[in-house]
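Let me begin by presenting the structure, written as structure tokens, before commenting on it.
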Amino acid sequence: MRLVPSKEKKPLKIVLLGEGGVGKTTISKSYIDNYFFTKSKQTIAVEFHSKIITRSDKEVSKLQIWDLGGQGHFKHMGVFSEFCRGADAALLCFDLTDLSSLFNLAEWLGFIAPTIPRFLIGTKSDLATQDEQNFNLERYVHRYNCVTSFKCSAKDLKTVMSIFESVLQTIERKNGKMSNISSESNSHISNRLLVS
Ligand SMILES: Nc1nc2c(ncn2[C@@H]2O[C@H](COP(=O)(O)OP(=O)(O)OP(=O)(O)O)[C@@H](O)[C@H]2O)c(=O)[nH]1
Ligand SMILES: [Mg+2]
């Protein structure tokens, strides 16, 4: 069966932010394609991914993922605040094996409006030592005003799915609709658009 989102419905928008190489594109692709891609090219400014999701009430929505390029020079192009405008949620991503990427998220917060729900995502847990995996994120959840935090490996597709579903549930709750989100069995589209 082909699922078609209602034309009038505004797509949901999630932005991924964080330092270059922390795994934003990989985690996005794990979610969209249900597959761990070992090869990932540096994102030039922004990549777009999209997926059709279905809620338990059978209503169909389109989800847009805006995956920002984390290399320093893109940050200074002056367009990231614009890219984040109208987002329903922001995923602040950092690499569990490199805590400087957690501390540097402070700079990324400047691109998102204070009203956008944000989630702290520690990536590459499969490469992290036991101490790094156990690192207490409470202080940073508070400091960055996040809803909550997650740790994951992009190789662990089940966890990646559950993180996005939890984010989508928060969005739906904020939008006043309590429902379960399902995205596993649906068709999806993955687009890339590079800004030069
Ligand atoms: N082992 C492991 N490698 C990962 C994981 N996530 C990402 N990587 C690897 O880390 C490298 C960088 O990942 P990307 O997804 O390109 O990072 P990015 O944050 O999109 O980087 P920019 O586009 O430069 O901002 C790639 O070689 C990925 O294969 C993970 O969970 N586990
Ligand atoms: Mg990328």
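For the numbering used here, add 6 to where a residue sits in the sequence shown, where the first one is 1.
By construction, the Cβ of each residue, glycine as well, lies at the ideal position given by its N, Cα and C atoms.
Keep in mind that this is a model prediction, so the values were computed, not measured.
In the DSSP assignment, what are the bridge partners of residue i?
{"i": "residue 96", "result": "21 and 124"}
{"i": "residue 53", "result": "73"}
{"i": "residue 59", "result": "67"}
{"i": "residue 101", "result": "129"}
{"i": "residue 155", "result": "126"}
Does the beta-carbon distance from residue i to residue j come in below 8 Å?
{"i": "residue 24", "j": "residue 107", "result": "yes"}
{"i": "residue 126", "j": "residue 146", "result": "yes"}
{"i": "residue 5", "j": "residue 131", "result": "The displayed coordinates of the chain run from 7 to 202. Any statement about residue 5 would go beyond what the structure contains."}
{"i": "residue 153", "j": "residue 124", "result": "yes"}
{"i": "residue 42", "j": "residue 36", "result": "yes"}
{"i": "residue 89", "j": "residue 52", "result": "yes"}
{"i": "residue 70", "j": "residue 17", "result": "yes"}
{"i": "residue 111", "j": "residue 97", "result": "no"}
For the alpha helix (DSSP H) holding residue i, just list the boundary residues, first then last.
{"i": "residue 166", "result": "163-180"}
{"i": "residue 130", "result": "Note, residue 130: premise wrong, no alpha helix (DSSP H); not H, not E."}
{"i": "residue 30", "result": "30-39"}
{"i": "residue 107", "result": "106-109"}
{"i": "residue 87", "result": "86-90"}
{"i": "residue 16", "result": "Residue 16 -> no alpha helix (DSSP H), and no H or E assigned at all."}
{"i": "residue 26", "result": "Neither: residue 26 is in no alpha helix (DSSP H) and is coded neither H nor E."}
{"i": "residue 146", "result": "144-149"}
{"i": "residue 80", "result": "78-81"}
{"i": "residue 139", "result": "136-139"}
Between which two residues does the beta strand (DSSP E) carrying residue i extend?
{"i": "residue 66", "result": "66-74"}
In whole angstroms, give me the CA-to-CA distance for residue i and residue j.
{"i": "residue 58", "j": "residue 22", "result": "18 Å"}
{"i": "residue 28", "j": "residue 103", "result": "9 Å"}
{"i": "residue 118", "j": "residue 68", "result": "21 Å"}
{"i": "residue 86", "j": "residue 76", "result": "10 Å"}
{"i": "residue 49", "j": "residue 55", "result": "12 Å"}
{"i": "residue 101", "j": "residue 129", "result": "5 Å"}
{"i": "residue 78", "j": "residue 176", "result": "30 Å"}
Query raised in the report: Taking any heavy atom of ligand 2 as the mark, which residues have a C-beta closer than 7 Å to it, listed down the chain?
Result: This selection yields 30, 31, 46, 48, 49, 53, 73, 75 and 76.
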